[in-house]
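Residue numbers (the working numbering), protein chains in the order written: chain A, 398 to 577; chain B, 136 to 558.
The following block contains the structure:
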């Protein structure tokens, strides 16, 4: 019975796969920080994900030159000022070695006849980080609102060695401590 | 020293009131420290159950449900994933190892877990401890089973015993949907105690789970005469179709994030990959509100206990007017009278703290096995946490401060009593 039910459940769930949508909440963002280890000279990666509204200010497709310029400027600001948003401990002397940021659009079909097609877009950015000194026992702080005032609720995940921690950073308040 | 002796003898003189006051403070302290110990113990117990696992992967659904069902064997069952999908991720270049789990069957109320040799090789708990055997070895044949230490202890099994697993989850033998009586398992070994839910499960090869259902059709057992005898089933003849979930260790922590994203967007099957430490934090955040409410209630209980002490000291003052007047007459100054009452109050609260901590230990020793048996939670018996010490200190100081109220009253009494003609 269990097997039959499971097969049924899987077969029912399969078609939903292609229509599933990611969570999209304006004002929020997600940051993942991963370092292989906190000792020695740690190397890691930081990922940033946010609805485009928080970074660019709108989510429709940029067609005019002015809108395209706005998108480019916002992404450049994100790349240039990311160190102010995720403030790695100064004592570890970390540097961003590689950065990338892009805008991804997600089209949703109109549910009713005559309705406009709904569009969401998201900003994805990735930063490679190399630190000169250990991160053990140090703290990571945040300053998203100073750069993008609309981003006030950020879910931060931290993986360092075997440490798995998270923080809900609201209005830039919140600290993540790296284990010793 | 004289003051201490006076306070001690004065309290001793009113032994019943003193004992009741100390008992009421002790009970409230036991509640406060007990709640704190259970909170910290439960968190440690959960966190220590799984170590060095980067991701838990299963069918798409609730992340908490996947964690609780796969690792702690509690809560509602999750959907299964195909074995084909499992093999895809197992062979992914960024994956160091995987441990598959197939759940759904049981034996006399204990969960049966289908897994492979990777469980014995790679599973870690309490940071870096691995699975070891008290006796015997890991299951190699399709119909062999390794027992968690609690299972072996509770049911009195040893290596070589034959057991029958039950289809579905049943509280006791015979109460399940159906017993797989035609395909008994032989105990190949008993695991060393881990003080985690590992102790409360039975471990059979993945092929074993498929083997007991090999002759089933549409979720129903075979008709008489259509059974496939256990002797004809080998690892090679059994095909594994699906598993419940799997634990995954990536080659680097940076890969963990990428793997999580890849798995969550896997086009072939709707899946989710959760980071156990983060999901546990999500769980603590969820139940944090209930914990806060409980702490507030225990604080009120402490306040009631301290107020009881105040009432007891305050009402005793009338009976002690002569005692105070004599003390004043033989030269005790106002400071001495105040100090005596404050010291009595302080001693009562300290005695209450000591009794409370002792009660916590007695209750912990008594109920630890019961809590572990029924809830799968191992609450360690340990000294009060740093927060617990702060609570104890706060109660002692509160007792000291509260002592000033009857002390002031006693001082005022001695003044008027000393001037009055009749006592």
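C-beta: ideal position from N, C-alpha, C; glycine also. The structure displayed is predicted, hence computed values, not measured ones.
(message) Could you compute how far the alpha carbon of residue 308/B sits from the alpha carbon of residue 488/B?
(response) By 1-based counting over the second chain, the position of residue 308/B is 173. By 1-based counting over the second chain, the position of residue 488/B is 353. At residue 308/B the pLDDT is 49, less than 50, meaning the model places this residue with poor confidence and gives no usable figure here.
Rounded separation between residue 148/B and residue 542/B - CA only: Along the second chain, one-based indexing puts residue 148/B at 13. Along the second chain, one-based indexing puts residue 542/B at 407. Taking the straight line from one Cα to the other gives about 18 Å.
Opposite residue 271/B in the DSSP bridges: which residues?
For the purposes of this step, residue 271/B is identified with residue 136 of the second chain, where counting begins at 1. Partner(s): 324/B.
**Asked** Is the CB-CB distance between residue 563/A and residue 503/B below 7 Å?
**Response** Indexing the first chain from 1 puts residue 563/A at position 166. Indexing the second chain from 1 puts residue 503/B at position 368. No, Cβ-Cβ distance for residue 563/A and residue 503/B is not below 7 Å.
task = Say whether chain B places a C-beta atom closer than 7 Å to the C-beta of residue 449/A.
result = Numbered from 1 along the first chain, position 52 holds the residue referred to as residue 449/A. Chain B contact via Cβ: absent.
Taking only the alpha-carbon atoms, compute the straight-line gap between residue 421/B and residue 565/A and give it to the nearest angstrom. Walking along the second chain from the start, residue 421/B turns up at place 286. Walking along the first chain from the start, residue 565/A turns up at place 168. Each residue's alpha carbon lies about 13 Å from the other.
Practice task
Can you pull the chain B residues whose beta carbon is under 7 Å from the beta carbon of residue 563/A, in chain order?
Solution key: To locate residue 563/A, count along the first chain from 1; it is residue 166. Result: 413 and 416.
- prompt: So, helix, strand or coil for residue 300/B, using DSSP?
  reply: Here residue 300/B corresponds to residue number 165 of the second chain, with the count starting at 1. Coil.
#### Entry: Element boundaries [alpha helix (DSSP H), containing residue 563/B]
With chain B represented from 136 up to 558, any question about residue 563/B goes unanswered, as that position is not in the structure.
Any C-beta of chain A within less than 8 Å: which residues of the stretch 160-189 of chain B qualify?
186, 187 and 189
Evaluate residue 525/B with the Cβ neighbour count: other Cβ atoms within 10 Å of its Cβ, from every protein chain shown; 16 or more gives buried, anything less gives exposed. The sequence position of residue 525/B within the second chain is 390, counting from 1. By the 10 Å Cβ count, residue 525/B comes out exposed.
*Out of curiosity, what's the CA-to-CA distance linking residue 533/B and residue 431/B?*
Residue mapping note: residue 533/B aligns to position 398 of the second chain, counting from 1. Residue mapping note: residue 431/B aligns to position 296 of the second chain, counting from 1. For residue 533/B and residue 431/B, the distance between alpha carbons rounds to 17 Å.
Quiz item: Closest Cβ-Cβ distance between residue 501/A and chain B: below 7 Å?
Solution: Position 104 of the first chain, counting from 1, holds the residue named residue 501/A. No, its Cβ sits nowhere closer than 7 Å to a Cβ of chain B.
State the Cα-Cα distance for the pair residue 375/B and residue 341/B, rounded to the nearest angstrom. Indexing the second chain from 1 puts residue 375/B at position 240. Indexing the second chain from 1 puts residue 341/B at position 206. When rounded, the distance between both Cα atoms is 7 Å.
**OP:** Give the single residue among 368/B, 333/B, 235/B and 321/B whose Cα lies nearest to the Cα of residue 350/B.
**Re:** By one-based count along the second chain, residue 350/B stands at place 215. Taking only the C-alpha atoms, the option nearest residue 350/B is 368/B.
(message) What are the residues in the stretch 422-438 of chain A lying within 7 Å of chain B by C-beta distance?
(response) 429, 431, 432 and 433
Next on the checklist: List, in chain order, every chain D residue whose beta-carbon is nearer than 8 Å to that of residue 387/B.
Outcome noted: In summary, chain D is missing from the structure at hand, where the protein chains are A and B.
Here's the rule: buried if 16 or more other CB atoms are within 10 angstroms of the residue's CB, otherwise exposed. What is residue 273/B?
Here residue 273/B refers to the residue found at position 138 when the second chain is read from its first residue. Label assigned to residue 273/B: buried.
* Could you work out which residues of chain B lie near residue 559/A, taking near to mean beta carbons separated by less than 8 Å? => The count along the first chain starts at 1 and reaches residue 559/A at position 162. Under the 8 Å cutoff, chain B gives 186, 187 and 262.
- Query: CA-CA distance, residue 437/B and residue 484/B?
  - Reply: Your numbering for residue 437/B matches position 302 in the second chain. Your numbering for residue 484/B matches position 349 in the second chain. Looking at the two C-alpha atoms, the distance is approximately 11 Å.
Counting C-beta neighbours from all protein chains within 10 Å, is the total for residue 260/B 16 or more, i.e. buried, or is it exposed? For this step, residue 260/B is matched to residue 125 along the second chain. Per the 10 Å Cβ criterion, buried.
Proximal residues of chain A, C-beta to C-beta of residue 391/B below 8 Å = In the second chain, residue 391/B corresponds to position 256, counting from 1. Here the neighbours are 431 and 556.
ask   = Is the Cβ of residue 526/A closer than 7 Å to any Cβ of chain B?
value = Counting from 1 along the first chain, the entry for residue 526/A is found at position 129. The Cβ of residue 526/A sits no closer than 7 Å to any Cβ of chain B.
- Task: On a CA-only basis, which of 384/B, 363/B and 317/B is nearest residue 559/A? Give me that one, please.
- Result: Translated into positions along the first chain, residue 559/A becomes position 162. The residue among 384/B, 363/B and 317/B with its C-alpha nearest the C-alpha of residue 559/A is 384/B.
When we look at the beta-carbon of residue 410/B and count the other beta-carbons within 10 Å, is it buried (16 or more) or exposed? Looking up residue 410/B in the second chain gives position 275. With 16 or more Cβ atoms within 10 Å of its Cβ, residue 410/B is classed as buried.
Quick check: residue 160/B and residue 423/B, are their CB atoms within less than 7 Å of each other?
If you number the second chain from 1, residue 160/B lands on position 25. If you number the second chain from 1, residue 423/B lands on position 288. Contact: no.
Please confirm whether residue 337/B and residue 304/B have their CB atoms less than 7 Å apart.
-> Position 202 of the second chain, counted from the start, is the residue given in the question as residue 337/B. Position 169 of the second chain, counted from the start, is the residue given in the question as residue 304/B. No; because the gap between Cβ atoms is not below 7 Å, this pair is not in contact.
If you follow the beta strand (DSSP E) that residue 430/A is in, where does it begin and where does it stop?
Start at 1 with the first residue of the first chain, and residue 430/A comes out as number 33. Per DSSP, the continuous beta strand (DSSP E) segment holding residue 430/A begins and ends at 425-432.
>> Which residues does DSSP list as the beta-bridge partners of residue 447/B?
In response: Sequence index remark: in the second chain, residue 447/B carries index 312 (1-based). Residue 447/B pairs with nothing; no bridge assigned.
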